[in-house]
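Participant: Residue numbers (this note's numbering), protein chains in the order written: chain W, -12 to 221; chain L, -12 to 221; chain Z, -12 to 221; chain A, -12 to 221; chain X, -12 to 221; chain D, -12 to 221. Below are the structure tokens for one structure; questions will follow.
Protein chains: 6
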Amino acid sequence: MRIAYVGPEGRTRVLQSWASQGVTVETRSGNFNGAIESSYDEYLYIPGLLETVGRIERDGFDAALIGCFGDPGLDGVRELVKIPVVGPAEASLHVASMLADRVGIITATGEIIPMLRRLAERYHVDRHLVGVTDIGCPVLDIRRDPDAQYPTLVQTARRMVDEQGAEALILGCGSMAFYAERLHEDVGVPCVNPLRVGLKMCELLVGASLTHSKLTYPFPSSLRASSEVHSVAR
Amino acid sequence: MRIAYVGPEGRTRVLQSWASQGVTVETRSGNFNGAIESSYDEYLYIPGLLETVGRIERDGFDAALIGCFGDPGLDGVRELVKIPVVGPAEASLHVASMLADRVGIITATGEIIPMLRRLAERYHVDRHLVGVTDIGCPVLDIRRDPDAQYPTLVQTARRMVDEQGAEALILGCGSMAFYAERLHEDVGVPCVNPLRVGLKMCELLVGASLTHSKLTYPFPSSLRASSEVHSVAR
Amino acid sequence: MRIAYVGPEGRTRVLQSWASQGVTVETRSGNFNGAIESSYDEYLYIPGLLETVGRIERDGFDAALIGCFGDPGLDGVRELVKIPVVGPAEASLHVASMLADRVGIITATGEIIPMLRRLAERYHVDRHLVGVTDIGCPVLDIRRDPDAQYPTLVQTARRMVDEQGAEALILGCGSMAFYAERLHEDVGVPCVNPLRVGLKMCELLVGASLTHSKLTYPFPSSLRASSEVHSVAR
Amino acid sequence: MRIAYVGPEGRTRVLQSWASQGVTVETRSGNFNGAIESSYDEYLYIPGLLETVGRIERDGFDAALIGCFGDPGLDGVRELVKIPVVGPAEASLHVASMLADRVGIITATGEIIPMLRRLAERYHVDRHLVGVTDIGCPVLDIRRDPDAQYPTLVQTARRMVDEQGAEALILGCGSMAFYAERLHEDVGVPCVNPLRVGLKMCELLVGASLTHSKLTYPFPSSLRASSEVHSVAR
Amino acid sequence: MRIAYVGPEGRTRVLQSWASQGVTVETRSGNFNGAIESSYDEYLYIPGLLETVGRIERDGFDAALIGCFGDPGLDGVRELVKIPVVGPAEASLHVASMLADRVGIITATGEIIPMLRRLAERYHVDRHLVGVTDIGCPVLDIRRDPDAQYPTLVQTARRMVDEQGAEALILGCGSMAFYAERLHEDVGVPCVNPLRVGLKMCELLVGASLTHSKLTYPFPSSLRASSEVHSVAR
Amino acid sequence: MRIAYVGPEGRTRVLQSWASQGVTVETRSGNFNGAIESSYDEYLYIPGLLETVGRIERDGFDAALIGCFGDPGLDGVRELVKIPVVGPAEASLHVASMLADRVGIITATGEIIPMLRRLAERYHVDRHLVGVTDIGCPVLDIRRDPDAQYPTLVQTARRMVDEQGAEALILGCGSMAFYAERLHEDVGVPCVNPLRVGLKMCELLVGASLTHSKLTYPFPSSLRASSEVHSVAR
């Protein structure tokens, strides 16, 4: 099984370490350069992402994992391809909703919060969501020195559990994802690592011979006549 | 008051005919060429739209009306600018929800239906929505010869009223919008023309000195340091 | 276009100042005398309101704006007439829901809060509502000396933004409505003036040739045989 | 225990026959004359109802049952008095929601349907509601010759069970209520008689020493200073 | 009318004191021994409860009241029998939802809270629920010396009213139920005693000739062929 | 990784064939004998299931998969153990909700439908659910000769897609699960095999070091003092 990770370079090794036996992970970074902290950022990023995932399908990958917690362009990508495409937010929100009745998301900065609330509504898991909180640190600063933010992360997590009643947490930012296991130890509630869960969801879907419905995500009619490459891909 | 319509050329005259005294409508077509019938189409269109609306704000317009019923990129555009930006779907869904308890949307082709259902959920008006139905005709075919589709439109509208219990209808496609008044006559329930209601919503917001909240749609942090033009625009 | 404002005398001038070119506003105060601060008060007021709006329609007005934020009798009035009737709460809740994901209402006294919560549910915008708060001052006291309450209003508004996460505010009382613009300046989030937005919504509906659905608000069968005046009015 | 029924004369005997031992039922018809088939009708009726129920409390009754399925003025009446006031729609919707997951309402004419749907939402039991259907007969015609409508009632009930999946039914009109037991026999699902259940709910509340919360239904401030009679009544 | 209470011994006298004239209450304790404070406890208890209620029906009782606030096995019991079976949580949540818009539940220990939240969702009354709070005392300790917990109960109740906005309260534990009337006096909002309301709901259903729908709770097909006793019971 | 399947014997081989490399599946049938087609059946089965899963944890398994689509006792089991326990309904409803906006469930007989609707609500995925339909065949008959039911299954599936708008399907019965892949071929929408997806969800959770929250599913206090075995198990 070959899974393409569409996100920043430098994470292939850790993703591979999480994969099951017989699964290969490769990174296809596309035009990903920098942080996505707004809908505006997402929209500029998505056209390149669409092209990248189209190529991933033609290259014979079994599934694609989007590398940003906001699941940018997920619906458009699914229209374009037939292989399963996993958004880390969608996967981790559904998995967290199975582990706990009340889930909290911790993200980087406050500007991201309205987008993530809307995302939880889009996936219809908002009845599980007790809140979205930020640690007040831009994504690129976290990526530069993640350890420096860990104490704030622990404090924020504890407050979500104690004051908002969160019974599980999601690390709602790719650059914080890697602290999930350590945070679970320190705070005592399940902490979902969206990249790891996203990778595992790719394995689940491929392993169960499942992909998204073409009635929900129809192939764009604008592409039907235009391109032999695409019709071959389908 | 100057309102920019961001959509296909050729509609300025009719939009202007709907405007209140003292209101000027101009079209800024951006890269708009063809129909938007999928999320994929939207995502390819949005970067150009963002640039167009950014320029509209700098050119001193008072409001912008997006020219496609799917409200492509509405959240991203609002992050970018401070002038009110109106999506015809959002405006007409809210207005229809004030006129009737049960609202139906009629659109061009079946592929668009899932997107429009998700849109009604995004705006939290889905409790008013009895259904979305299509007339089985691609957008460009409607645009080429709209009169040819009118009989199908009337039949579809009557079925939504009689069988699904719709008490008001929205013409969920810019190219069908212009039949709203005639359809109201023929079917007997309010039929919302999303372009006309969208234009009027621009007038309402400007006339009431209102625009979107910058807490819901924060200015993208990626633009804060990068561009003098933008900081002047704000 | 002629719009009738059905509320306390003395507001015609300011309403007229908000109207678009070519729009005339007249006040029809009906039996309105005093404050409406309970469902009980509303029910005593509504029969006179019904008669007033019936007359407004026969007098050839194009639309009617109810002058109390609780939208008393809105469904009954719409059953009676065919011209659009706007409730300031309904109009401002829908408009605020387009401007922000999370909306707060500020009202006069605590007794009014349960009614306003139920109103937001009735209009299906409660998913946008973060809360309703009062400034602890009866309506008539506000009307007597509105400036005296402004500092409390600012404090309440700031608390709703900081503690409840409101991203836009509605001044949920006709006598406070006039502070919306000043409050926007002082607090920094959109503040909706329900009378101004209600007036603009009348203009929108008339300008878009729209009115409420007679399937949602059927003409009362008790009136069908009884009165020539009404059958003429229809 | 003394319960006042506020509705048309001529039902005291049957109501008394349903009462538990030691319970007396008296009718206080107020200005009730004719059918209530619209919000408009309700609003004209409510001021008289408020006065009647105020007097009922001062006369020492233990509870009041509103005699119309639409529960006219229920919130206003509760503000005015401290004794429990039961609306037959509210009581029967909650009781039916305990007996079945999916409930249908059968009413007299189609014009009443939108009001009843809104009522089910107001009481938050709409998730149990599979639909509201009418038998196409005005209330006064039913009252004149109820037996003539019974075959239509059976047909309608069967259709709601077979086609809409209703698992229990409510007879949503005081004049049809009396067929509940016979309909249960003929259709085989629980059929709720709203007057009988409303009466029993009065007994339940008085028997459990319960009444509505004065935080939800505060005493109208407009009455506080004005009337000795009321302050005595409290 | 004969009602069976399926719960701990020693409560027959107080239950009988709440019953209407002509109603007899008997206790059938089944295997009830100890406290139910988890889903795990419930599941161990339910098989005995099913047997007990099956016998209650065969013994000619008119209704059964489950003696634990968590309504253990309510759906299974209703499948088995035709007489009405009342769960104290279901009955008191619905009754409280008629008395107030915002309801709080007070229970014994924190471990019970997630179960009770799920119960309110199961009954679709969660839109009325402002929260569930515990007094930090195991059920058996309350039962041993209930008076010792009363001061904590009053404090908890006041906090739910003042901080969470509860407008009515439910004593969500059989062993606390008996303080409802005293708590109402001390806190000033309606306090629902679930055992008393549950008993009264039995009376209501029997008195209105109602029981649960066999479409919602079908007789188990596993029992159809197997047992003469059951087929006689039906 | 060792996963215990708690269900009927005779499925180990096919489950093992679905497992990833390095994963071992063993069946622990407990007292499972026959079909579970009612809540009543479930409640009789659950005490034995609890004991079985307790033993599974002590035997060092990494996860347990419940072998019945109704997820009997899932909350109670999770309270008892710390290893992840997967319910096939919960897992497949969440996975299907990621693959399609509108999901249909096909089950064996009509009696099971109300339970499955309640299950979808319990997991908060009911907004994705377009309906639950049965093929009119008892579980044991399916198990005896599953091929005989396949044509009915195909017809039912097509009707759910064409008439109810299902965009993905779940085979809501363990004995039908094995037709998922063939049905996908024949009907053209994703068909979820709940046992296969349940097994894969076990792998996902173990592979991501996740298990349910002990705040949502607290260890039963009744077991804390009573049993050394359990305290060791924790």
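Using N, Cα and C, we set each Cβ at its ideal position, and we do this for glycine too. Since the model is a prediction, treat every value here as computed from it, not as a measurement.
Per DSSP, Arg(-11) (chain W) forms a beta bridge with which residues?
Facilitator: Partner(s): W:Thr11.
Participant: Any residues in the segment 187 to 200 of chain A with a beta carbon nearer than 9 Å to a beta carbon of chain X? Which ones, in chain order?
Facilitator: The segment 187 to 200 of chain A vs chain X, Cβ under 9 Å: Lys187, Met188, Glu190, Leu191, Leu192, Gly194, Ala195, Ser196, Leu197, Thr198, His199 and Ser200.
Participant: Under 9 Å, Cβ to Cβ, is there at least one residue of chain X near Gln8 (chain A)?
Facilitator: It does; some Cβ of chain X falls within 9 Å.
Participant: Pick out whichever of W:Leu52, W:Pro59, W:Ala144 and W:Lys201 has its Cα sitting closest to the Cα of Pro101 (chain L).
Facilitator: For the residues W:Leu52, W:Pro59, W:Ala144 and W:Lys201, the minimum Cα distance to Pro101 (chain L) belongs to W:Lys201.
Participant: Asp88 (chain Z) versus chain W: which residues are under 8 Å apart at the beta carbon?
Facilitator: Chain W residues near Asp88 (chain Z): Pro101, Arg104 and Arg105.
Participant: Taking the beta carbon of Ala(-9) (chain A) as the centre, do at least 16 other beta carbons fall within 10 Å, making it buried, or is it exposed?
Facilitator: Its Cβ being crowded by 16 or more others within 10 Å, Ala(-9) (chain A) is buried.
Participant: Select from X:Asp49, X:Glu77, X:Glu44 and X:Tyr137 the residue whose C-alpha is nearest the C-alpha of Arg169 (chain X).
Facilitator: The shortest C-alpha separation from Arg169 (chain X) is found at X:Tyr137.
Participant: For Gly161 (chain Z), count neighbouring Cβ atoms within 10 angstroms of its own Cβ and tell me buried if that reaches 16, exposed if not.
Facilitator: Gly161 (chain Z) is buried by the Cβ-count criterion.
Participant: Can you name the residues of chain X whose CB is closer than 8 Å to the CB of Thr203 (chain A)?
Facilitator: Simply Leu86, Ala87, Asp88, Arg89, Glu154 and Ala155.
Participant: For Ala155 (chain A), name the three-state secondary structure that DSSP assigns.
Facilitator: In this structure, Ala155 (chain A) counts as strand in the three-state DSSP scheme.
Participant: For Cys178 (chain L), list the residues DSSP reports as bridge partners.
Facilitator: DSSP lists L:Leu156 as partners of Cys178 (chain L).
Participant: Hey, could you find the ends of the alpha helix (DSSP H) Asp62 (chain D) is sitting in?
Facilitator: That run of the alpha helix (DSSP H) goes Leu61 to Leu67.
Participant: Would you tell me roughly how many angstroms separate the C-alpha atoms of Cys178 (chain Z) and Ile92 (chain Z), rounded to the nearest one?
Facilitator: Between Cys178 (chain Z) and Ile92 (chain Z), the C-alpha separation is close to 10 Å.
Participant: Assign Glu77 (chain W) to one of two classes, buried (16 or more other C-beta atoms within 10 Å of its C-beta) or exposed (fewer than that).
Facilitator: Glu77 (chain W) comes out buried.
Participant: Looking at chain L, which residues of the segment 111 to 124 of chain W have a Cβ within less than 7 Å of any of its Cβ atoms?
Facilitator: Listed by position along the chain: nothing, the set is empty.
Participant: Pick out whichever of X:Gly159, X:His81, X:Leu156 and X:Leu36 has its Cα sitting closest to the Cα of Pro59 (chain X).
Facilitator: Selected option, being the one with the closest Cα: X:Leu36.
Participant: Using DSSP bridges, identify the partner residues of Gly118 (chain L).
Facilitator: The partner list for Gly118 (chain L) (beta bridge, DSSP) reads L:Gly91.
Participant: By the criterion of Cβ-Cβ separation under 8 Å, what are the contact partners of Ser208 (chain A) in chain Z?
Facilitator: Simply Glu24, Ser25, Thr96, Glu98 and Pro125.
Participant: With a threshold of 8 Å, are at least 3 pairs of Cβ atoms found where one atom belongs to the segment -1 to 12 of chain W and the other to the segment 25 to 32 of chain W?
Facilitator: No: fewer than three Cβ pairs fall under 8 Å.
Participant: Is it buried or exposed, His171 (chain D), if we count other Cβ atoms within 10 angstroms and call 16 or more buried?
Facilitator: His171 (chain D) is buried by the Cβ-count criterion.
Participant: Since I believe Arg104 (chain A) is in contact with Asp88 (chain L) (beta carbons under 8 Å), could you give me their beta-carbon distance rounded to a whole number of angstroms?
Facilitator: Sure, about 7 Å apart at Cβ, within 8 Å.
Participant: Among A:Val72, A:Val117, A:Cys124 and A:Gly97, which has the Cα closest to the Cα of Ser84 (chain A)?
Facilitator: Closest by alpha carbon: A:Val117.
Participant: Buried or exposed: Gly123 (chain D), going by 16 or more other Cβ atoms within 10 Å of its Cβ?
Facilitator: By the neighbour-count rule (16 or more Cβ atoms within 10 Å), Gly123 (chain D) is not buried but exposed.
Participant: Under a Cβ-count criterion, where at least 16 other Cβ atoms within 10 Å of its own Cβ denotes burial, should Ser218 (chain X) be classed as buried or exposed?
Facilitator: A caution first: Ser218 (chain X) carries a pLDDT of 36, below 50, which makes its placement in the model unreliable, though a value can still be read off. Exposed.
Participant: If you measure from the beta carbon of Glu77 (chain X) to each beta carbon in chain D, is any gap under 9 Å?
Facilitator: By this cut-off, Glu77 (chain X) is not an interface position.
Participant: Which word fits Asp134 (chain X), buried or exposed, when buried means at least 16 other C-beta atoms lie within 10 angstroms of its C-beta?
Facilitator: Looking at its Cβ environment, which holds fewer than 16 other Cβ atoms inside 10 Å, Asp134 (chain X) is exposed.
Participant: Going by DSSP, which residues form a beta bridge with Leu52 (chain X)?
Facilitator: Leu52 (chain X) is bridged to X:Tyr(-8) and X:Val73.
Participant: Just the C-alpha distance for Leu192 (chain X) and Thr198 (chain X), rounded to the nearest angstrom, thanks.
Facilitator: Between Leu192 (chain X) and Thr198 (chain X), the C-alpha separation is close to 6 Å.
Participant: Taking CB distances under 9 Å as the criterion, tell me whether Arg183 (chain A) reaches chain X.
Facilitator: Yes, its Cβ sits closer than 9 Å to a Cβ of chain X.
Participant: If we cut at 9 Å on Cβ distances, does Arg221 (chain W) have a partner in chain D?
Facilitator: Bear in mind that a pLDDT of 30 at Arg221 (chain W), under 50, signals an unreliable position, so the model cannot answer this.
Participant: Starting from the C-beta of Thr11 (chain D), find all residues in its chain whose C-beta is less than 8 Å away, skip the five residues before and the five after it, and write them out in chain order.
Facilitator: For Thr11 (chain D), where only same-chain residues beyond five positions count, the Cβ hits under 8 Å are Met(-12), Arg(-11), Ile(-10) and Gln3.
Participant: Taking the beta carbon of Arg183 (chain D) as the centre, do at least 16 other beta carbons fall within 10 Å, making it buried, or is it exposed?
Facilitator: It counts as buried.
Participant: Note the first and the last residue of the continuous alpha helix (DSSP H) segment covering Thr(-1) (chain W).
Facilitator: Residues Thr(-1) to Trp5.
Participant: Using the C-alpha atoms, what's the distance from Glu13 (chain A) back to Asp49 (chain A)?
Facilitator: Approximately 11 Å, taken between the alpha carbons.
Participant: Taking 9 Å as the CB-CB cut-off, is Gly60 (chain X) touching chain D?
Facilitator: Gly60 (chain X) counts as touching chain D.
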